[in-house]
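Visitor: No gaps in the numbering here: position 54 of the sequence shown is 54 in UniProt numbering, and each next residue is one more.
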Amino acid sequence: MMEVEGSNTWMNRSPPPQSSFVRSKALYQFKQQKLPACKPVLTPTSVITVFMLMGFVFIPIGFVTLRASRDSIEIVDRYDVECIPEEYRTNKLSYITDSSILKNCTRYLKVQKYMKAPIFIYYQLDNYYQNHRRYVKSRSDQQLLHGQEYSHTSACEPEESSNGLPIVPCGLIAWSMFNDTFTFARESAKLKVSRSNIAWKSDREHKFGKDVYPFNFQNGSLIGGAKLDPKVPLSDQEDFIVWMRAAALLSFRKLYGRIEEDLEPGNVVVVNLMNNYNTYSFSGQKKLILSTSSWLGGRNDFLGITYLVVGASSIVISIIFMLLHLKNPRPYGDNSWNKKSLSS
């Protein structure tokens, strides 16, 4: 009797849901590599056509991109040499390290083409390896966000503490912050320069604490770059936030501010700067850039040139393949070349 009941129970059991069966079948086919797949056959005609189409598409994009880049107007002025007095030209390091010497300097930038506001102000450093492994690691992201509450800052050495007290912000990146300053005028009238919103919004809101204030910063025997206002939280010190985003290449630009007035052709922009930052000990260079922007951003010819090179190369390759195919045609499906290699 028990056997009959057991068999009836097995017979009355409901079948598995249809969706579960379909999923299991699809999973089985995937594991056994039995799913339908598209396997394009690379015939000489299709390969030549693809390369030719790539060339015809990439070259116009390259010209458009290069034109957009050239629409951005730039004024570039290298000032690290010109702002050294004549008597110190042979020993620049002694000049920059002598705190008793005033480092003020005046530069004159002539506008050649109409520059529509906003005009972005950048400083550029060359031969400066912000991508060095020990330099990049010498920081504490948790301390930047939580302040002295986070005490595990061993990665910040040798700028972890000073006089027995922790340094906030710690690390070599913060310690070496850029400290040249600029003011701008046109015909003795000061230009309106905005220094706000120069850092990424995500950095201001999520990487630097609103209640974290500089503490014991640049108070040691070895002074690096700029000092920070101890009364202003790190999230509001945008120059510092811009500097803390380490560059990937040895030449890089960082945003300093924006001129909120149009500049006409023939205008002379008077730049009064303080040449404080020491790039002379490692043969670095400093430049000041005024730049407008287009729909593509600032001036950068790399993307346009890359499109042109790839497009031209594709057309050349397609022509070479076409000539080879016309010279030595082979019927589709002919594998005689494989038989010859096996017989030899």
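Cβ coordinates follow ideal geometry from the N, Cα and C atoms, glycine included.
In the DSSP assignment, find the unbroken alpha helix (DSSP H) run with ALA174 in it and report its ends.
Guide: Unbroken alpha helix (DSSP H) run through ALA174: 172-175.
Visitor: In this structure, what does DSSP give as the bridge partners for GLN285?
Guide: Beta-bridge pairing links GLN285 to ASP126.
Visitor: When the Cα of ILE319 is compared with those of GLY55, GLU157, CYS105, GLN237, which residue comes out closest?
Guide: Ranking GLY55, GLU157, CYS105, GLN237 by Cα distance to ILE319 puts GLY55 first.
Visitor: Taking 7 Å as the limit between beta carbons, can you name the residues of its chain near residue 400, skipping five residues before and five after?
Guide: The first residue shown for the chain is 1 and the last is 344, placing residue 400 beyond what the model contains.
Visitor: Can you tell me where the beta strand (DSSP E) with GLY257 in it begins and where it stops?
Guide: Looking at the DSSP string, the run of the beta strand (DSSP E) that includes GLY257 is 252-259.
Visitor: Using a Cβ-Cβ cutoff of less than 8 Å, which residues in the same chain neighbour ALA155 once the five nearest sequence positions on both sides are dropped?
Guide: Around ALA155: LYS137, SER138, ARG139, SER140, GLY171.
Visitor: Just to confirm my understanding: we take GLY298, look at its own chain, exclude 5 residues before and 5 after, and list those with CB closer than 6 Å. What are they?
Guide: Hits under 6 Å: SER72, SER291.
Visitor: So, do the stretch 265-285 and the stretch 91-109 have three or more beta carbon pairs nearer to each other than 8 Å?
Guide: Contact holds: three or more Cβ-Cβ distances are below 8 Å.
Visitor: Return the chain-ordered list of same chain residues with a C-beta closer than 8 Å to the C-beta of VAL111, the five sequence neighbours on each side being excluded.
Guide: For VAL111, where only same-chain residues beyond five positions count, the Cβ hits under 8 Å are ILE75, LEU263, GLU264, PRO265, GLY266, ASN267, VAL268, VAL269.
Visitor: So the candidates are LYS286, PRO118, LEU27, ALA117; which of them puts its Cα closest to the Cα of ASN179?
Guide: Residue LYS286 is the option with its Cα nearest to ASN179.
Visitor: Less than 7 Å between the C-beta atoms of GLN237 and LEU228, yes or no?
Guide: Yes, they are a contact pair.
Visitor: Nearest-angstrom Cα distance between ARG186 and ALA226?
Guide: Rounded to the nearest angstrom, the two C-alpha atoms are 27 Å apart.
Visitor: Return the CA-CA distance between ASP203 and ASP239, expressed in angstroms with no decimal places.
Guide: Going from the Cα of ASP203 to the Cα of ASP239 covers about 12 Å.
Visitor: Helix, strand or coil for LEU109? Go by DSSP, reduced to three states.
Guide: Correct three-state label for LEU109: strand.
Visitor: Using the C-alpha atoms, what's the distance from SER194 back to GLU260?
Guide: Spanning the two alpha carbons is a distance of roughly 7 Å.
Visitor: Can you tell me which of the three DSSP states THR49 falls into?
Guide: Correct three-state label for THR49: helix.
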